[in-house]
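This report concerns only the one structure given below.
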Amino acid sequence: MNILEVKNLSKVYGKGETAVTALDNISFSVKKGEFVCIIGPSGSGKSTLLHLLGGVDRPSSGKVFIDETDIYNLNETQLAIFRRRQIGLIYQFYNLIPILTVEENITLPMLLDEHEVDGSQFNKIVESLGLKDRLSHLPNQLSGGQQQRVSIGRALITNPAIILADEPTGNLDSKNSAEIMELLKMFNKIYNQTLIVITHDERIALQADRIISIKDGKIAKDEVIRP
Ligand code: ADP
Ligand code: ADP
1 MNILEVKNLS KVYGKGETAV TALDNISFSV KKGEFVCIIG PSGSGKSTLL
51 HLLGGVDRPS SGKVFIDETD IYNLNETQLA IFRRRQIGLI YQFYNLIPIL
101 TVEENITLPM LLDEHEVDGS QFNKIVESLG LKDRLSHLPN QLSGGQQQRV
151 SIGRALITNP AIILADEPTG NLDSKNSAEI MELLKMFNKI YNQTLIVITH
201 DERIALQADR IISIKDGKIA KDEVIRP
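If you're matching positions, the sequence shown starts at 1 in full-length UniProt numbering and goes up one per residue.
As structure tokens, this is what we get:
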């Protein structure tokens, strides 16, 4: 089953002579449980693609289906709810809320939609992430690697259709970087959590099952490296 389908997706910024085609008619699909890296040089369209897969911008043309929902056919309110439940976003700089504790940061996506937090799901996640004795800490009391683990917890708590990670190790040293990749791969393999990582780092990309290379807004290569 395809958990993600991207169909003829294009994004043009600006108009007329100054228009920039950031994404040019891209199509691909991702199966449930796949771990895909999207790699490309600066300016190739990675951020634009990430924003469109994450439901935070609108395409110039084309469609994005996540778990069979045509996400840009939703109105703003529906899209905001869909995004919080079905798309787990992980950023390079964590984007945690500084005045909320670790526990509050992780459970926030549930509380925003007035959903009850499933205690056993929460425990399973914080134990896997090694955050059990950090739950009442604030983000600035944690190391970068710990903060990124909190943001992974926040991404997983809603049991989303896909996890989208934007340079998740870009701000970490090599030891923490390896640890974060191991955690993401563990959730991918053990819980069949679909994982899409955007990176310009070949060493990260080589850990995926499949690498999609983008160049000048087009797919230059799409190769399965671990069938
Ligand atoms: P990457 O993330 O791979 O560096 P981007 O998606 O940020 O690539 O950019 C792709 C192209 O689109 C670049 O030429 C960039 O300058 C342009 N671009 C990105 N965002 C905007 C924007 N908001 N307005 C105008 N041009 C943009
Ligand atoms: P990345 O570090 O992922 O390559 P960029 O530096 O390309 O990101 O872009 C950072 C932000 O600036 C993005 O939100 C992108 O949409 C925006 N942006 C990139 N290029 C331009 C541009 N030429 N004009 C306006 N905004 C841009």
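Every residue, glycine too, gets a C-beta built ideally from N, C-alpha and C.
Quick caveat, the model's predicted, so the values are computed rather than measured.
Under the criterion of a Cβ to heavy atom distance below 8 Å, does residue i qualify as lining ligand 1?
i, result
"N30", "Looking at the sequence provided, one finds Val at residue 30 rather than Asn. V30 Cβ: outside cutoff for every heavy atom of ligand 1."
"S174", "no"
"K218", "no"
"G16", "no"
"Y13", "yes"
"I214", "yes"
"S151", "no"
"A205", "no"
"P109", "no"
"V36", "no"
"G40", "yes"
"S10", "no"
"S61", "no"
"V20", "yes"
"L164", "no"
"K46", "yes"
Count the other CB atoms, across all protein chains shown, that sit within 10 Å of the CB of residue i; report buried if there are 16 or more and exposed otherwise.
i, result
"E116", "exposed"
"V224", "exposed"
"P59", "buried"
"S220", "What sits at residue 220 in the sequence shown is Ala, not Ser. That one is exposed."
"G45", "buried"
"Y13", "exposed"
"L112", "exposed"
"N140", "exposed"
"M110", "buried"
"L53", "buried"
"P227", "exposed"
"R154", "buried"
"D118", "exposed"
Please classify residue i: does DSSP put it in a helix, a strand, or coil?
i, result
"Y13", "strand"
"S27", "strand"
"A19", "coil"
"A161", "coil"
"T101", "coil"
"V117", "coil"
"G62", "strand"
"D209", "coil"
"K7", "strand"
"L89", "strand"
"I106", "helix"
"T169", "coil"
"E182", "helix"
"K215", "strand"
Below 8 Å on the Cβ atoms is my contact criterion, and I expect residue i with residue j to pass it. Report the Cβ-Cβ distance as a whole number of Å.
i, j, result
"M181", "S128", "About 14 Å; that fails the 8 Å criterion."
"Y191", "S151", "In fact, because the Cβ distance is near 17 Å, the residues do not count as touching under 8 Å."
"L131", "R149", "6 Å"
"I66", "Q86", "6 Å"
"D209", "F28", "That belief does not hold up - the Cβ atoms of D209 and F28 are roughly 14 Å apart, past 8 Å."
If you measure from the beta carbon of residue i to each beta carbon in chain B, is any gap under 9 Å?
i, result
"T21", "Protein chains in the displayed structure number just one, and chain B is not present."
Do the stretch 163-179 and the stretch 12-32 meet, that is, are 3 or more Cβ pairs less than 8 Å apart? no
Should the stretch 204-223 be called in touch with the stretch 70-88, which here means at least 3 C-beta pairs below 8 Å? no
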